[in-house]
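**Q**
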Amino acid sequence: MVRVKKLLFYFLCITLLVSCASRGRKISRELRSMVKQGDYANALKSLEASEFFKKNPESKLLYLMEKGLIYHGLGRYAKSIEVFEEAKTLARKQYTVRVSKKLKTYIANESSDIYYGEKYELSTLFYYQALNHFILSYKDEVDHEKLAEKGEIKLEWKKQSDNDKRQSLFRARAELLAWDSFLKDLKNERSGNPVFKNDLSAKILGARIHETIGTSQDREIAYQLYKDANILLIKNYNAYKAFNMKNVDYIKSFEKFPKMGMEKVVKDYISMSTHQKELKNFLDEKVLSLSKKLRPRTWRREIAPFKIDTKKIKTQETGNISILIEEGIIPAKIPSKQFFGLGESLTKESPAMAMLLGSFAADVLGLMPPAGTYDPVGANVGMAVGYVAATQAAISFELPVIEEHHAKGSFVLEVWSDKSKVKEKIIPLVNPMGDIAEQAVVEQSAWLYPKLGARLATKHVIAILAAYATYKSLKDQNEFLAKSGAVLQYVASSKGIEASEQADTRQWATIPASIRMTELNLLPGTYNLKLRVEGLENSTKSIGQVMVESKKKKYFIQKRVNF
Numbered sequence: 013m014v015r016v017k018k019l020l021f022y023f024l025c026i027t028l029l030v031s032c033a034s035r036g037r038k039i040s041r042e043l044r045s046m047v048k049q050g051d052y053a054n055a056l057k058s059l060e061a062s063e064f065f066k067k068n069p070e071s072k073l074l075y076l077m078e079k080g081l082i083y084h085g086l087g088r089y090a091k092s093i094e095v096f097e098e099a100k101t102l103a104r105k106q107y108t109v110r111v112s113k114k115l116k117t118y119i120a121n122e123s124s125d126i127y128y129g130e131k132y133e134l135s136t137l138f139y140y141q142a143l144n145h146f147i148l149s150y151k152d153e154v155d156h157e158k159l160a161e162k163g164e165i166k167l168e169w170k171k172q173s174d175n176d177k178r179q180s181l182f183r184a185r186a187e188l189l190a191w192d193s194f195l196k197d198l199k200n201e202r203s204g205n206p207v208f209k210n211d212l213s214a215k216i217l218g219a220r221i222h223e224t225i226g227t228s229q230d231r232e233i234a235y236q237l238y239k240d241a242n243i244l245l246i247k248n249y250n251a252y253k254a255f256n257m258k259n260v261d262y263i264k265s266f267e268k269f270p271k272m273g274m275e276k277v278v279k280d281y282i283s284m285s286t287h288q289k290e291l292k293n294f295l296d297e298k299v300l301s302l303s304k305k306l307r308p309r310t311w312r313r314e315i316a317p318f319k320i321d322t323k324k325i326k327t328q329e330t331g332n333i334s335i336l337i338e339e340g341i342i343p344a345k346i347p348s349k350q351f352f353g354l355g356e357s358l359t360k361e362s363p364a365m366a367m368l369l370g371s372f373a374a375d376v377l378g379l380m381p382p383a384g385t386y387d388p389v390g391a392n393v394g395m396a397v398g399y400v401a402a403t404q405a406a407i408s409f410e411l412p413v414i415e416e417h418h419a420k421g422s423f424v425l426e427v428w429s430d431k432s433k434v435k436e437k438i439i440p441l442v443n444p445m446g447d448i449a450e451q452a453v454v455e456q457s458a459w460l461y462p463k464l465g466a467r468l469a470t471k472h473v474i475a476i477l478a479a480y481a482t483y484k485s486l487k488d489q490n491e492f493l494a495k496s497g498a499v500l501q502y503v504a505s506s507k508g509i510e511a512s513e514q515a516d517t518r519q520w521a522t523i524p525a526s527i528r529m530t531e532l533n534l535l536p537g538t539y540n541l542k543l544r545v546e547g548l549e550n551s552t553k554s555i556g557q558v559m560v561e562s563k564k565k566k567y568f569i570q571k572r573v574n575f
């Protein structure tokens, strides 16, 4: 009777563990669906009502990131700034205690740990803060919460003066400085590795903000940022498949590059995709145009390192219309079943019994990888994760992966006046967020696999020893009963281990799949703007209207679209 009660309690604990993980994945799916449909109001309601976030304070950073983006989508930019600022403060605080807190995951599952945010997610916090302030510099009204009677919060919209807008522009610039400081620390911390350590959005959006402020110093900074972006594209973003068709070879050989020289790296390890060519053309155009404007006597020397083809790339006046397109939703982080060999752990636990226990685990308990399914995540990222032969016992577990994804084709902006198309302009891909997220998961797997494998192996070896003891005690009485009892005991133990070791699939689930930017010049008039994806039938959709009052006045258009 006591054993029955213990077993019932054990399965109750398993149920609670599985339920917690399921709630996290459920709210993530709900938010993704609603944000993709543009239903930010209901997304906010679902977020605030979520049992997962109420009962899991260790995921507070994730809650704040989702909340800040939802308010951004609602056009509540001031509230979004407030929430994201809280998220940034929490992220800094969590980073200082990360080492000590992280020790507990050597015993417990990663999902039970504090959510610290991926590096690209922390950079995206700065992106949205700078973007929020920049957008407010164009808005005539700003959201404001006021405490009404009975403690209720009332939403008001306050008019902005020209000075208010100018201050928002300066705050956007201040956010760029904070973003740059974060990225410098990140670069120093992760130098020498083909991982996310800088952000093209910081360079290109930052350059646009400085150009909009327009002082001589800001124009100089913008010029430098465009040059930095050109270098960053080659040195770091060729690790992403959206930009480089040889990205796998590029990553594998990254450590050799300092001894090779840039020309050989470009020749042997870079095959530019259409996306990279489009972005490089945009950056070359900006570098050429600003160098001629700011360095009229030395511009040829200035552009020499960038190998700009001046027959193809022409000087352009700084655009009076800025376009920022956020497309789709980032690919989901999902669990993937993997297998891990127990041979080494069995040997360490009891060298004399290693062969006997291995045979027992494989033959009696059935710990064998299903035929043709052994595909450890580590193998996909070039890790040596242990050989599992047909005679070796193996256990299964989950690791997170990013679902299959590909960046969509070229985005083409169509500008219409009345019923005539007056201009077309490519909107180049700046950040392939799916590729960046995938890289982060691969990086995580590199350190997670050995730690997780060791932890799991220890748990399973203990469970195998217990099952073996049961088998031995019953074998003389009844071989069938002995095997059945051992298997049932091990199944119960392994289910508990499996439930406690579910993959940590937490992610900032509502950020876009890609970020694209460009600029163009339009004469005074009223224009309808449309967007299409090259190679995708019936993809043309309206993204709004712009009324250009003066060629000197600047306009900023940001849209989130789905195709």
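Adding 12 to a residue's 1-based position in the sequence shown gives its number in the working numbering.
Don't be surprised by glycine CBs; every beta carbon is placed ideally from N, CA and C.
Quick caveat, the model's predicted, so the values are computed rather than measured.
Based on Cα-Cα distance, which residue from F64, R309 and L300 lies nearest to P317?
**A** Taking the first residue of the sequence shown as position 1, residue 317 is located at position 305. Ranking the options by Cα distance to P317, first place goes to L300.
**Q** Check whether the stretch 450-459 and the stretch 525-536 touch, using three or more Cβ-Cβ pairs below 8 Å as the test.
**A** no
**Q** For R12, does the three-state DSSP call read helix, strand or coil?
**A** Past the boundaries of the shown model lies residue 12; the chain is included only from 13 to 575, so the question cannot be answered.
**Q** Rounded to whole angstroms, what's the CA-CA distance from T530 to K349? Just pull it up for me.
**A** As a position in the sequence shown, residue 530 is number 518, starting the count at 1. As a position in the sequence shown, residue 349 is number 337, starting the count at 1. C-alpha separation (whole angstroms): 41 Å.
**Q** CA-CA distance, A9 and A142?
**A** The question about residue 9 has no answer here: the residues shown for the chain are numbered 13 through 575.
**Q** Check V277 in the structure and name its three-state DSSP category.
**A** Counting from one through the sequence shown, the residue named residue 277 turns up at place 265. V277: helix per DSSP, three-state reduction.
**Q** Return helix, strand or coil for G129, following the three-state DSSP convention.
**A** Within the sequence shown, the letter at position 117 stands for residue 129. Shown here, G129 sits in coil according to DSSP, grouped into three states, outside any helix or strand.
**Q** Need the endpoints of the beta strand (DSSP E) that I555 sits in, please.
**A** The count along the sequence shown starts at 1 and reaches residue 555 at position 543. For I555, the enclosing beta strand (DSSP E) has its first and last residue at K553 to V560.
**Q** At 3 residues or longer, and completely inside the stretch 413-488: list those beta strand (DSSP E) runs for me, N to C.
**A** 423-429, 432-439 and 441-444
**Q** Does the beta-carbon distance from A251 to F266 come in below 9 Å?
**A** Here the question's residue 251 lines up with position 239 in the sequence shown. Here the question's residue 266 lines up with position 254 in the sequence shown. It is a contact, given that the beta carbons lie within the stated cut-off.
**Q** Buried or exposed for S149, going by 16 or more other Cβ atoms inside 10 Å?
**A** Residue numbering aside, residue 149 sits at position 137 when the sequence shown is read from its first letter. So S149 ends up on the buried side.
**Q** Measure the alpha-carbon distance for G331 versus I509 and round it to whole angstroms.
**A** In the sequence shown, the residue the question calls residue 331 occupies position 319. In the sequence shown, the residue the question calls residue 509 occupies position 497. Roughly 59 Å separates the two Cα atoms.
**Q** Looking at the structure shown, is W191 part of a helix, part of a strand, or coil, going by DSSP?
**A** Here residue 191 is taken as the residue at index 179 of the sequence shown, counted from 1. The three-state reading of DSSP puts W191 in helix, counting H, G and I together.
**Q** Between the stretch 174-186 and the stretch 196-206, can you find at least three pairs of beta-carbon atoms closer than 8 Å?
**A** no
**Q** Reducing DSSP to helix, strand and coil, say where S40 ends up.
**A** Against the sequence shown, residue 40 aligns to sequence position 28. If DSSP states are grouped into helix, strand and coil, S40 belongs with the helices.
**Q** So, are the CB atoms of F146 and T227 less than 9 Å apart?
**A** Position 134 of the sequence shown holds residue 146. Position 215 of the sequence shown holds residue 227. It is not a contact, given that the beta carbons lie outside the stated cut-off.
**Q** Within a Cβ cutoff of 6 Å, which residues of the same chain sit near K105, ignoring the five residues on either side of it in sequence?
**A** Position 93 of the sequence shown, counting from 1, holds the residue named residue 105. When the five nearest sequence neighbours on each side are left out, no beta carbon in the same chain lies closer than 6 Å to the beta carbon of K105.
**Q** Starting from F568, trace the beta strand (DSSP E) in both directions and tell me its first and last residue.
**A** As a working mapping, residue 568 is identified with position 556 in the sequence shown. Y567 to V573 is the extent of the beta strand (DSSP E) around F568.
**Q** Taking 8 Å as the cut-off, is the CB of S429 close to at least one heavy atom of the ligand PLP?
**A** Here there are no bound small molecules, and the ligand PLP is not part of this structure.
**Q** Can you tell me which residues form a DSSP beta bridge with T538?
**A** Counting from 1 along the sequence shown, the entry for residue 538 is found at position 526. DSSP, once it has assigned bridges, lists M559 as partnering T538.
**Q** Leaving out five residues on either side along the sequence, give the residues of the same chain with a beta carbon under 6 Å from the beta carbon of S303.
**A** For this step, residue 303 is matched to residue 291 along the sequence shown. Cβ neighbours of S303 beyond the five flanking positions: W311, E314 and I315.
**Q** Would you kindly report the start and end of the unbroken alpha helix (DSSP H) that includes T224?
**A** The residue labelled residue 224 in the question sits at position 212 within the sequence shown. Note, T224: alpha helix (DSSP H), L212 to I225.
**Q** R231 lies in the alpha helix (DSSP H); which residues open and close that run?
**A** Looking up residue 231 in the sequence shown gives position 219. R231 -> alpha helix (DSSP H) spans S228 to K247.
**Q** According to DSSP, is V299 helix, strand or coil?
**A** Taking the first residue of the sequence shown as position 1, residue 299 is located at position 287. It is helical.
**Q** Spell out a yes or no on whether the stretch 540-556 and the stretch 484-499 are touching, meaning 3 or more CB-CB pairs, one atom from each, closer than 8 Å.
**A** Short answer: they don't touch.
**Q** Can you grab the Cα-Cα spacing for the pair Y238 / I342, in whole Å?
**A** Reading the sequence shown from its first residue, position 226 is the one you call residue 238. Reading the sequence shown from its first residue, position 330 is the one you call residue 342. Approximately 26 Å, taken between the alpha carbons.
**Q** For V442 and L212, what's the separation of their Cα atoms in angstroms?
**A** Residue 442 sits at position 430 when you count from the first residue of the sequence shown. Residue 212 sits at position 200 when you count from the first residue of the sequence shown. Taking the straight line from one Cα to the other gives about 6 Å.
**Q** State the beta-bridge partners of M529 as determined by DSSP.
**A** Within the sequence shown, the letter at position 517 stands for residue 529. Answer by DSSP bridge pairing, in chain order: L336.
**Q** Please report the straight-line C-alpha distance between N54 and E161, rounded to a whole angstrom.
**A** Within the sequence shown, residue 54 is the residue found at index 42, counting from 1. Within the sequence shown, residue 161 is the residue found at index 149, counting from 1. Cα to Cα, the separation comes out at about 25 Å.
**Q** Just the Cα atoms here: how many angstroms apart are A344 and L76?
**A** To locate residue 344, count along the sequence shown from 1; it is residue 332. To locate residue 76, count along the sequence shown from 1; it is residue 64. Going by the C-alpha atoms only, they are around 19 Å apart.
**Q** Can you give the Cα-Cα distance for F423 and L134, rounded to whole angstroms?
**A** Locating residue 423 in the sequence shown gives position 411, counting from the first residue. Locating residue 134 in the sequence shown gives position 122, counting from the first residue. Cα-Cα distance, rounded: 27 Å.
**Q** Would you check if the distance between the CB atom of S92 and the CB atom of Y127 is smaller than 9 Å?
**A** Counting from one through the sequence shown, the residue named residue 92 turns up at place 80. Counting from one through the sequence shown, the residue named residue 127 turns up at place 115. Not in contact: S92 and Y127 (Cβ atoms no closer than 9 Å).
**Q** Would the stretch 89-103 and the stretch 63-70 be scored as touching if the rule is three or more Cβ pairs under 8 Å?
**A** No, they do not touch.
**Q** Taking L159 as part of the beta strand (DSSP E), name the residues at either end of that continuous run.
**A** By 1-based counting over the sequence shown, the position of residue 159 is 147. E153 to L159 is the span of the beta strand (DSSP E), which, as asked, contains L159.
**Q** Looking only at DSSP bridge pairs, what is Q350 linked to?
**A** Along the sequence shown, one-based indexing puts residue 350 at 338. Answer is F409, bridged to Q350.
**Q** Could you tell me the alpha carbon to alpha carbon distance between L245 and K292, rounded to whole angstroms?
**A** For this step, residue 245 is matched to residue 233 along the sequence shown. For this step, residue 292 is matched to residue 280 along the sequence shown. Going from the Cα of L245 to the Cα of K292 covers about 8 Å.
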